[in-house]
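A quick write-up on the structure given underneath.
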Amino acid sequence: QLSAGPLDLGTEVCAWSSRGPLFPLHNSSCPLPIDDDEVEDGASWAPWSYPPTCVEFQARNRPAGRSNDAVKYCVFTSVPFRGGHGISLITTPELASSLSVGLDDSVVPPAIRDHPASYLSPLADEALFEVKELPNRGLGSVAKHRIRQWDTILVGFPAILAQMDFMDVLSPEQIRDVLAPAIGQLPEEQREEILSLARSTGGGIIQDILQTNIFGVEIEGVMHMALIPEASRTNHGCRPNAFWRFNEHTLAMEMIAFRDINRGEEITFSYTPLGLTYEGRKNVLGDWGFECKCPLCTSSRKEVKLSDERRDRIHDIHGILAQEEGISGKKVANLADELMKLLDQESLWPQLVVYYEVIARAYMEARDLEKATKYADMCEKEWIKYGGREHENVDGVQQLWRDLEMARLAE
Ligand SMILES: C[S@@+](CC[C@H](N)C(=O)[O-])C[C@H]1O[C@@H](n2cnc3c(N)ncnc32)[C@H](O)[C@@H]1O
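Under the numbering used here, the first residue of the sequence shown is numbered 3, with each subsequent residue one higher.
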């Protein structure tokens with residue numbers, strides 16, 4: 003992801019779609035993109051709090067037939083964003099104009115804005131967790147009360163939102179030139195909170211803080227890094243009890259419990275794809291610059307080996323269910339039972355969404371459409387729980403329903 007080239011932005015006012023990535027809820031057009039040259043010529047920089055600071059670089063990966071134009075990445079800061087916490091974007095003028103539609107706090111639905119886990123809520127002080135020093139893991143988030151499955155633990159918003167490739171395509175000097183105002187223009191409290199965050203890579207302080215703490219989020223299919231300070235004290239767990247989701251329209255990040263969490267228990271989510279074995283996790287986390295000290299990785303060799311065997315078996319069952327031609331209904335049922343037990347032993351319930359679809363398709367292959375329908379239904383319900391009803395993966399389930407309908411017609 004870090005090596006992805008900059009995007010061709012074309013000439014439209016709303017860069018990403020006629021609606022813009024933060025589709026306007028009240029108005030249908032974005033403000034005109036502005037950069038440092040236009041401001042110098044007298045253009046207003048509203049709705050931003052400061053005139054943009056820009057750096058220019060040669061675009062790679064331009065579509066055939068297009069010249070290798072210079073592209074600008076600029077810093078756009080809004081100080082009043084989300085109750086005065088502030089946000090700095092590092093992006094193109096075109097994308098900033100689209101994103102500006104979501105600056106107003108009123109775009110955040112009341113259910114999220116006024117949730118007690120949101121700092122925008124008047125009840126915000128009653129945090130569900132406290133930040134504490136933990137053995138070998140620095141600071142971490144520990145539940146202050148019992149948290150129920152599907153409870154929202156935290157709602158946060160980015161303080162910095164930057165195109166994922168900016169550290170690759172800009173020179174070291176240019177990186178410094180955009181990071182200094184991106185941090186410096188934020189409200190003091192926010193700035194201090196960012197500067198207190200963990201570091202792990204060495205080198206430039208702000209770059210280190212970003213690399214240690216960012217969330218990778220997608221906005222209209224483009225990867226961005228989001229620094230969300232209030233979510234940055236949550237450590238990685240190989241058997242996590244929480245997950246997070248990001249809404250590109252409201253820029254809200256929600257952290258949600260996917261099982262009951264006891265008082266005093268550490269809250270963790272996975273920094274790696276779920277279900278990897280010890281070596282796989284070690285490689286990914288090595289790139290993050292640390293060795294995992296979660297309860298699973300620090301348990302006995304025997305327990306780690308058993309866990310790896312279960313995870314390998316989950317992987318194998320997936321392969322059989324997804325690929326075996328003419329599989330029998332009985333075999334699907336046996337494998338599905340085994341899979342459910344293994345996922346439970348490994349606390350990998352969030353993967354149910356994936357496996358329910360695989361099982362539904364295996365039952366289609368076995369021509370048991372009743373069971374296939376049951377699993378397709380469970381798959382859809384699970385996606386709604388994890389991603390929310392508006393999530394693209396819920397749309398993805400439609401293909402499964404269409405395939406089931408075709409299978410029914412073919413009977
Ligand atoms: C986003 S921060 C998490 C909060 C951090 N522990 C702190 O003190 O602010 C990521 C850093 O936390 C530490 N960390 C997170 N999960 C860990 C784990 N499972 N084992 C060891 N260290 C971990 C690593 O140093 C990592 O670079």
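Virtual Cβ for every residue (Gly too), placed ideally from N, Cα, C.
These figures come from a predicted structure and were not determined experimentally.
- For C56, the enclosing beta strand (DSSP E) has its first and last residue at T55 to Q60.
- DSSP links Q165 through a beta bridge to H226.
- Annotation for N237 indicates a beta carbon within 7 Å of some heavy atom of ligand 1.
- Boundaries of the beta strand (DSSP E) harbouring L141: G140 to A145, taken from the DSSP string.
- For the 8 Å CB-CB criterion, V157 and E256 form a contact.
- A direct Cα-Cα distance of roughly 13 Å separates L105 from L163.
- Sequence-distant Cβ neighbours of A362 in its own chain, meaning closer than 7 Å and more than five residues away, are A374, Y377, A378, C381 and L402.
- Within the DSSP bridge table, the entry for W246 names M257 as partners.
- For Y75, the secondary structure class from DSSP, reduced to helix, strand or coil, is strand.
- In the three-state DSSP reduction, N237 falls in the strand class (E or B).
- Here the stretch 99-114 makes no contact with the stretch 200-211; the two share fewer than three CB pairs at distances below 8 Å.
- Residue P242 holds the alpha-carbon nearest to the alpha-carbon of L345 among P242, F248 and L125.
- I329 has its alpha-carbon roughly 59 Å from the corresponding atom of E194.
- Only residues of its own chain outside the window of five on either side were considered, and among them F168, M169, G206 and Q209 have a CB closer than 8 Å to the CB of I177, listed in chain order.
- For ligand 1, no non-hydrogen atom lies closer than 7 Å to the CB of N243.
- Cβ neighbours of K295 within its own chain (closer than 6 Å, five residues either side excluded): N138 and R139.
- Contact check for L298 and I322: beta-carbon distance about 26 Å, past the 8 Å limit, so the pair fails to qualify.
- Bounds of the beta strand (DSSP E) holding F217 are F217 to I221.
- Remark: the C-beta of W290 is in contact range of ligand 1, defined as less than 7 Å to any heavy atom.
- Taking C-beta atoms as the reference points, I36 and P54 count as a pair closer than 8 Å.
- According to the DSSP assignment, L197 belongs to the alpha helix (DSSP H) that extends over E190 to L197.
- With contact defined as three or more Cβ pairs closer than 8 Å, the stretch 256-276 and the stretch 139-152 are in contact.
- It is roughly 45 Å from the alpha-carbon of V57 to the alpha-carbon of L354.
- For R139, the CB falls within less than 7 Å of some heavy atom of ligand 1.
- V73 is positioned such that its CB atom lies closer than 8 Å to that of T94.
- The C-alpha of L212 lies about 7 Å from the C-alpha of L229.
- Shortest gap from the CB of G218 to any heavy atom of ligand 1: 7 Å or more.
- Counting of Cβ neighbours within 10 angstroms places N285 among the exposed residues, the total staying below 16.
- In the three-state reduction of the DSSP assignment, I329 falls in the coil class.
- The nearest non-hydrogen atom of ligand 1 is 7 Å or more from the C-beta of A161.
- Within the DSSP secondary-structure output, S90 pairs in a beta bridge with T79 and I162.
- In this structure, T79 lies away from L181, with their beta-carbon atoms at least 8 Å apart.
- Relative to ligand 1, G142 has its C-beta within less than 7 Å of a heavy atom.
- DSSP places V355 in the uninterrupted alpha helix (DSSP H) bounded by L354 to E367.
- H117 is classed as buried because its beta carbon has at least 16 other beta carbons within 10 Å across all chains shown.
- Rounded to the nearest angstrom, the gap between the Cα atoms of R404 and S234 is 41 Å.
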